[in-house]
Each structure stands twice: as C-alpha cells, then as structure tokens.
DNA sequence: TAGAAGCGAGAGCACTGCTCTCGCCATCAC
DNA sequence: GTGATGGCGAGAGCAGTGCTCTCGCTTCTA
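Protein chains in written order, with the numbering used here: chain A, 1 to 233; chain B, 234 to 466.
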C-alpha cells in the first residue's frame, strides 16, 4: 500500500478504514446477505450515495471485508504457529488448527463469508483475494515440508496408487508451493486441510445440531489428533 | 402428508409443488440470497401477494426448499448404499460418500443452502428439518454399527483418551442412534462425516482455487479411501 | 489565482418482502 | 336450491434495497 501524503489522501484512507470496520460489525450482527450499503452509510453519518465514492459497488465492499478477514485469520495462524518450535511438526499443525477454529468461533460471520456458500452473484476478484486467501494452506504446507525434510513423516502401511492425471495436479502444486513432499503426503495434507475446515464449518454452522456436542473443545481436539495421525506427522 | 381429497385441496397441493419446483430452479440460477418471492410469483403467472396464500414468508419458502433438498439427497444416498451388500462395509461408506458428492455437484445451490453458511436471519424450524436432515449421518452410523457388530473394524494402534464430558456426549449419541459402537469408533465416524462434507464443500464452493485440481474425481476418490482407513473399516 | 478534482447531498429508478382490502367463486350446511 | 363461509388472486401501498445522476461546495494543484 502506498503511504498517504496529502491530508485528503489521509482522510480518504481513514474513511475507507471506517467503512471496513462498520461493514465488519454489520456482517457480524446481520450476516453477509443482509449487508447493506445504505446501513453502512447511516452508521458512517453520511448519505448512501457518498459511499460510492469509496467503494465501487456492494460487491466491492464485500471484497474489502473478504481481504480483511483473510488477513486477520492469516495473522493469527502465523502468530500461533510461530510460537511452536520448527521441529515440533505435530505441535505446529495442532496450533494452526486451533487458531483456525478460534478465529472462526470469534468471527463466525466473516468465517461464513470466506468459507461458507459463495455469496450469489459475487465473484471474488482473484488478484486481490488469492494472496491473503492462501495463507492458511501455505502455513500447513510449510509444516509438512519441514516434517518431510526432517524425515519425521510416518510411512503409510499400503502406499497409494496415484493416477496420471492426478499426479500432474500434484506436480503443479509442488511447483507452486515450492515443496518436495511426495504425492502421498501432499494428498494426505490436502485431506487434512479440507477436513480441518469441514470440522470447523460443522461446528460454526451448527451442522452437529443444537444438542449433540456440549464438549465441543474436546471433540475438536480429538479430531485434530486424528487428522495429524492421518497425515502421518 | 395427508392425501388430498377435494379438488380444492388437490389444486392447492399442486400449486405448492409448482412453487417448490420454481423455487428450486431460481435457487439454482440465482442463489439462496437472491431467491425472491416476487420472481417465483412471476414465473407462476401470479401476482406476488398470491404466493402468501401458500407460504407464510420468504423463510417459509426456504424451509420448503431445505426439506425438499434433504429428501432428495437422502433418497440418493439410501439408494446407492442399498446397492452394496451389507457385509461390504467399506464399499457402503464409499457409495455414500460418492452419492453425497454427486448430488452436491448436480445441485450446488441447494447443497449450499443445506451445508453452507446459514442464511442470515433464517432459522430452520427443527420440527420440519431435523428428520430429513439426519438421513446421511444415519446411513453412515448404520455402516459403522454393522461393521462393528461384524468385528470388521480395525483396532487403533494407540487407543484414545476420552474426557468425561465428551464421553457423556458420546453416550447420548449412542442412545439417540441406537448404536453400540465404542467411543473411539464414534469419534472416528464423526470425523469422517465432517471431513466428507469438508471435502465436498471445498470442491463445490471452489476453495481449492480455479486451477488447482483438474482430476477432481480422482482426488475425491483418494480422500474417501483415506477417510475409510481413518475410520478403520 | 484560476481551473481541476474530490466529495457529500438529494432526487430518482427499479427492485425487494410483506400487509391490507376488495371482489370473485367454489364449497358446504340447511 | 339457497345463503353463508372461506379460499383465492389482484391491486395498492409501505418501507426498505442497490445504484445512478446532477448539483453545488471545498480542497488541492499548476
């Protein structure tokens, strides 16, 4: 981001921050589909058309909140993973998983915006969201990579047959993330990744039902352990 | 449902079916948040206020679609699971998982309505949705139960410590689903369940990114196999 | 200091969910 | 058969939405 120089530019940046903050608050109380430009304008003490000086459209406002959310989640994940020594691979994986769940429970509406059903008619612009959006998987890949490099990944009992087409995908992934992990580990990692968010989504979205798990913390902890086992770290 | 007797009641039932059908079509093309009572009315060739003779509110219309979706998914899952012999536990699990994915890819909007972010302000009425909404997990529980009864579940290497509070949850689940599976198996089953939907959601909601997996079928097949391994069947 | 550019206000358009009233007509009790 | 009941669709109307346009005011820039 280019620093603000003139007072006008600084005022503009401040207003944009205010809009993001108010938008996040509305997201939390009303939900994504009920997010209204007019309501944000009211809270900002301004008429609705004025918002369009800062935000091209309602979708553009959503993108602002999406990027903001990805960054917040990414920051927390990096911070928590950073507290665990690099050679404690399993501990780092657990820390990342717990960070994701903690943030999701704290910001359920933003979590829903990022990982729930896509908002209809809204297409997140790749150039602004893919960067922040890949921070969690990047952190996970780093853990597997380091575990693999350290020879700390348990070998599978029966190695998996990987068809050619899928192998090509995995090769591309290895290149994009600059990792050397073998096919089997990448596949187990991808499963852990999707499963982690599956568990968190089930809890945040209430799929377990209202009266099924009262010991949600303990449940999640066991799920994380099982996923670490599945990955082999 | 009580059968329709008078012509008037039959006409009413027909109109309700039409509304559901048109609603599902709009859901598919526009998405849940864009589902509009007025648009459904237009397609039905009727003025908007007339819809309210059949549906109490927009949320009530959503409930109609939710129940319809759960039933369709449940029917497909039951049908596919029914084709696999009862003693092929792993095969039944795979069939259920494939059925969920197949339906989700065919009806992404309805899948998003059921398993994506909750529609803001909309609370699904428990008395109408919990029944149809538990058919998939019920089918899965049956597989584990039969596998356990047949002694076909692989024992875990290191048994899990289950804290008292979580054990109470598991006890209640055992009672609700009339199963005798031990704590460890129930926990692994719940993980498989959440992970299965995590994988499907990642694919349907595009979380993998637009250019990551071209061999999505093969990827999902490996994920299912890994989940079956994790469950121990 | 004059022109350019940013900004907020207000009106307005087309849309939404939902309510209310008003007639029409099938159904039902007698 | 006839009169009362009640379901039904049409239409008007209210409050809200996203978004566009124009009009002045202010601030920055050359």
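The C-beta atom is built at its ideal place from N, Cα and C for all residues, glycine as well.
Remember, it's a predicted structure, so these values are computed and weren't measured experimentally.
(message) Would you say the beta carbon of residue 436 (chain B) is closer than 8 Å to some non-hydrogen atom of the ligand NAD?
(response) The ligand NAD is absent from the structure shown, which contains no ligand whatsoever.
(request) Return yes when the Cβ of residue 343 (chain B) is within less than 9 Å of the Cβ of residue 302 (chain B), no when it is not. (result) yes
(request) Count the CB pairs spanning the region 127-143 of chain A and the region 412-419 of chain B that are closer than 8 Å, and state whether there are at least three. (result) no
(message) Quick test of the definition: if touching needs 3 or more C-beta pairs under 8 Å, does the region 243-257 of chain B touch the region 277-291 of chain B?
(response) yes
(request) Would you mind reading off the limits of the alpha helix (DSSP H) that contains residue 223 (chain A)? (result) 216-231
(message) Along the chain, where does the alpha helix (DSSP H) containing residue 184 (chain A) start, and where does it finish?
(response) 183-204
(message) For a cutoff of 9 Å on Cβ pairs, would you count residue 57 (chain A) as touching chain B?
(response) Not one chain B Cβ lies under 9 Å of residue 57 (chain A).
(request) Return no unless some Cβ of chain B is closer than 9 Å to the Cβ of residue 214 (chain A). (result) True, the Cβ-Cβ gap to chain B drops below 9 Å.
(request) Compute the beta-carbon to beta-carbon distance between residue 103 (chain A) and residue 64 (chain A), rounded to the nearest angstrom, for a pair I have assumed lies under 8 Å. (result) Your pair residue 103 (chain A) and residue 64 (chain A) does not check out as a contact, with CB atoms roughly 18 Å apart and the cut at 8 Å.
(request) Count the C-beta pairs between the region 215-228 of chain A and the region 420-439 of chain B that are closer than 8 Å, then say yes if the count reaches three, no if not. (result) yes
(message) Could you tell me the alpha carbon to alpha carbon distance between residue 438 (chain B) and residue 163 (chain A), rounded to whole angstroms?
(response) Residue 438 (chain B) and residue 163 (chain A) have their C-alpha atoms roughly 24 Å apart.
(message) Let me see if you follow: with CB-CB separation under 9 Å, is residue 237 (chain A) close to chain B or not?
(response) In the structure displayed, chain A extends from 1 to 233; residue 237 (chain A) sits before or after that span and is not available.
(request) Decide if the region 198-217 of chain A is in contact with the region 92-106 of chain A; the criterion is three or more beta carbon pairs, one per stretch, under 8 Å apart. (result) The region 198-217 of chain A is in contact with the region 92-106 of chain A.
(message) Please report the distance separating the alpha-carbon of residue 350 (chain B) from that of residue 409 (chain B).
(response) 26 Å
(request) Apply the 10 Å Cβ neighbour rule to residue 318 (chain B) and answer buried if 16 or more other Cβ atoms are within range, or exposed otherwise. (result) exposed
(message) Rounding to the nearest angstrom, what Cα-Cα distance links residue 216 (chain A) and residue 6 (chain A) in this structure?
(response) Rounded to whole angstroms, residue 216 (chain A) and residue 6 (chain A) show a C-alpha spacing of 51 Å.
(message) Please list, in chain order, the chain A residues whose beta carbon lies closer than 7 Å to that of residue 375 (chain B).
(response) Residues of chain A whose Cβ lies closer than 7 Å to the Cβ of residue 375 (chain B) do not exist; the shortest such Cβ separation is about 18 Å.
(request) Could you work out which residues of chain A lie near residue 418 (chain B), taking near to mean beta carbons separated by less than 8 Å? (result) What residue 418 (chain B) touches in chain A: nothing, since even the nearest Cβ is about 12 Å away.
(message) Just to make sure I have the definition right: I need the residues of chain B whose C-beta is within less than 8 Å of the C-beta of residue 223 (chain A). Which are they?
(response) Against residue 223 (chain A), the close residues of chain B are 420, 423, 424 and 427, in the order they occur along the chain (beta-carbon pairs closer than 8 Å).
(message) Just to confirm the assignment, what range does the alpha helix (DSSP H) spanning residue 401 (chain B) have?
(response) Run containing residue 401 (chain B): 397-409, per the alpha helix (DSSP H) assignment.
(message) Which runs of the beta strand (DSSP E) at least 3 residues long sit entirely within the region 52-110 of chain A? Give them in chain order.
(response) none
(request) Could you spell out where the alpha helix (DSSP H) holding residue 118 (chain A) opens and where it closes? (result) Premise fails: residue 118 (chain A) is in no alpha helix (DSSP H) and is neither H nor E.
(request) Compute the distance between the beta-carbons of residue 284 (chain B) and residue 299 (chain B), then report whether it is under 9 Å. (result) no
(message) So, for residue 147 (chain A): in the same chain, excluding its five sequence neighbours on each side, which residues have a beta-carbon less than 6 Å away from its beta-carbon?
(response) 89, 153 and 233
(message) Counting only C-beta atoms, is residue 71 (chain A) closer than 9 Å to chain B at any point?
(response) no
(request) Hey, could you find the ends of the alpha helix (DSSP H) residue 21 (chain A) is sitting in? (result) 7-30
(request) Please say whether residue 195 (chain A) and residue 227 (chain A) have beta carbons closer to each other than 9 Å? (result) Yes, Cβ-Cβ distance for residue 227 (chain A) and residue 195 (chain A) is below 9 Å.
(request) Step through the CB atoms of chain A and report whether any lies within less than 9 Å of the CB of residue 462 (chain B). (result) yes
(request) Hey, could you find the ends of the alpha helix (DSSP H) residue 149 (chain A) is sitting in? (result) 135-149
(message) For residue 117 (chain A), would you say it is in contact with chain B, using Cβ-to-Cβ distances shorter than 9 Å as the test?
(response) yes
(request) Would you please verify whether the beta carbon of residue 293 (chain B) is less than 9 Å from any beta carbon of chain A? (result) For residue 293 (chain B), not one C-beta of chain A is nearer than 9 Å to its own C-beta.
(message) Just to make sure I have the definition right: I need the residues of chain A whose C-beta is within less than 8 Å of the C-beta of residue 314 (chain B). Which are they?
(response) What residue 314 (chain B) touches in chain A: nothing, since even the nearest Cβ is about 20 Å away.
(request) For residue 173 (chain A), I'd like the list of residues in its chain whose CB is within less than 7 Å of its CB, leaving aside the five on either flank, ordered along the chain. (result) 186
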